[in-house]
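In the numbering used here, the protein residues as written are 775 to 1071.
What follows is one structure encoded as structure tokens, with my remarks underneath.
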Amino acid sequence: MRRVAALLLLMLLLAGCSVSTFLNAMAPRAGVVEHPAIAYAAGPRHTLDVYASATPCADTPVVVFFYGGGWDSGDRGMYRFIGATLAARGVMTVIPDYRLYPEIRFPTYMQDVAAAVSWTRRHAADYGGDPSRIFLMGHSAGAQIATLLALDGRYLRSAGTDPHGLAGVIGLSGPYDFLPLRSEKLKDLFGPEPDRWQSQPINFVTAEAPPMMLATGTADTTVDPDNTRRLAARLRQDGVPVKTAFYSGIGHSMTIGAFASPLVPFAPVRRDVLDFIAAHETHNDVPDRCVRGAALR
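What follows is the structure in structure tokens.
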């Protein structure tokens, strides 16, 4: 199956087709209600899309997904396949845009995403989601965003929302402990050297951190998988529940690409994420009934 998927990807590239365009086109539509281009604050990059289940249950979990792109590129529209895939399986999904370098520098983008989470907490119920069951999820730079937002409570607190009210965090191929910086772009993005420690999620781990799933590919040459190992070790040291997954032979992009049905054979990322969501923040010790079962994974 992996050979078939790889051949399909090669054919797409040879045909000049954008992989994200293809994955979005293949994403489910049945059972998914899309609410595009909702403003969560003033400004052109302060917009989000909501993907909701057509048949939500009473305790529908909510994922706020932050895409990657090196903090200087990306657009929520590229990730319809994430929102639709999760919504079709019972997980309401919010995908916000946020301002990018060089328009802004750290920590301004953290203020943007905190505002998006605050909006989600206030409005999740309007779209069938449970505001007490919010998970943060990110890939690559988005994983740095998700984990830092969960661990450094200043951003959510400044946005007027409880930093301790998250159900869990999912980081895929993320940079969590990446000092010293070598790239001139990153040095400019993260500011003077004495302040850069504040951009590192690993520096804010406490026993109060929410449960986390940290996953990466062993063949990732973009973000060193040791970032995942070090953050997981620090979380465990403080007694925080953490699930890790290291997908053999998988590179940086495939940990998010494998959410799409044509690429599922590469790695069981989608299954693992759904299992993590279903396992955490259940109510009254009753198994989660909102997240769809294995047949839809």
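Quick reminder that beta carbons are idealized off the backbone N, C-alpha and C, glycines included.
Nothing here was measured: the structure is a model prediction, and the numbers come from that model.
Secondary structure at residue i, three-state DSSP: helix, strand or coil?
i            : result
residue 880  : coil
residue 912  : strand
residue 1024 : coil
residue 829  : coil
residue 822  : strand
residue 1065 : coil
residue 1037 : helix
residue 1019 : strand
residue 979  : coil
residue 891  : helix
residue 997  : coil
Using alpha carbons as the reference points, say which of the options lies closest to residue i.
i            : options               : result
residue 794  : 805, 812, 816, 841    : 841
residue 894  : 878, 869, 914         : 869
residue 809  : 961, 1053, 825, 991   : 825
residue 1045 : 860, 978, 984         : 860
residue 799  : 885, 854, 955         : 854
residue 892  : 1049, 811, 910        : 910
residue 942  : 1039, 925, 950        : 925
residue 830  : 957, 1001, 959, 806   : 806
residue 992  : 1024, 1015, 971       : 1024
residue 918  : 880, 932, 1037, 1038  : 880
residue 875  : 923, 961, 922         : 961
residue 877  : 818, 1064, 985        : 818
residue 947  : 1019, 1064, 822, 1040 : 1019
residue 843  : 949, 812, 900, 901    : 949
residue 756  : 928, 1036, 1039, 1063 : Since the first residue shown for the chain is 775 and the last is 1071, residue 756 is missing from the structure and cannot be characterised.
residue 812  : 832, 898, 797, 796    : 898
residue 821  : 827, 873, 832, 796    : 873
residue 847  : 1022, 856, 913, 823   : 913
residue 1013 : 1021, 797, 985, 1028  : 985
residue 905  : 953, 1017, 1034, 832  : 832
So, is residue i buried or exposed, given that buried needs 16 or more other C-beta atoms within 10 angstroms?
i            : result
residue 1011 : exposed
residue 990  : buried
residue 803  : exposed
residue 834  : buried
residue 781  : Note that residue 781 scores 49 on pLDDT, short of 50, meaning its location in the model is unreliable and no value can be drawn from it.
residue 938  : exposed
residue 966  : exposed
residue 969  : exposed
residue 896  : exposed
residue 886  : buried
residue 957  : exposed
residue 849  : exposed
residue 816  : exposed
residue 934  : exposed
residue 999  : buried
residue 792  : exposed
residue 823  : buried
Just to confirm the assignment, what range does the beta strand (DSSP E) spanning residue i have?
i           : result
residue 812 : 806–813
residue 989 : 986–991
residue 868 : 866–870
residue 857 : Element bounds for residue 857: not the beta strand (DSSP E) but the alpha helix (DSSP H), 854–861.
residue 946 : 942–946
Tell me which residue opens and which closes the alpha helix (DSSP H) that residue i is part of.
i            : result
residue 932  : 928–932
residue 963  : 958–964
residue 844  : Neither: residue 844 is in no alpha helix (DSSP H) and is coded neither H nor E.
residue 1051 : 1043–1053
residue 793  : 793–800
residue 1009 : 1000–1011
Below 8 Å on the Cβ atoms is my guess for residue i versus residue j; work out the distance and round it to an integer in Å.
i            : j            : result
residue 732  : residue 983  : Nothing about residue 732 can be reported from this structure: the residues present for the chain run from 775 to 1071 only.
residue 963  : residue 845  : 6 Å
residue 863  : residue 1066 : 4 Å
residue 944  : residue 987  : 5 Å
residue 1005 : residue 1051 : Actually they do not touch by this definition, with Cβ atoms about 19 Å apart.
residue 801  : residue 858  : 4 Å
residue 890  : residue 838  : 7 Å
residue 903  : residue 866  : 4 Å
residue 995  : residue 1026 : 7 Å
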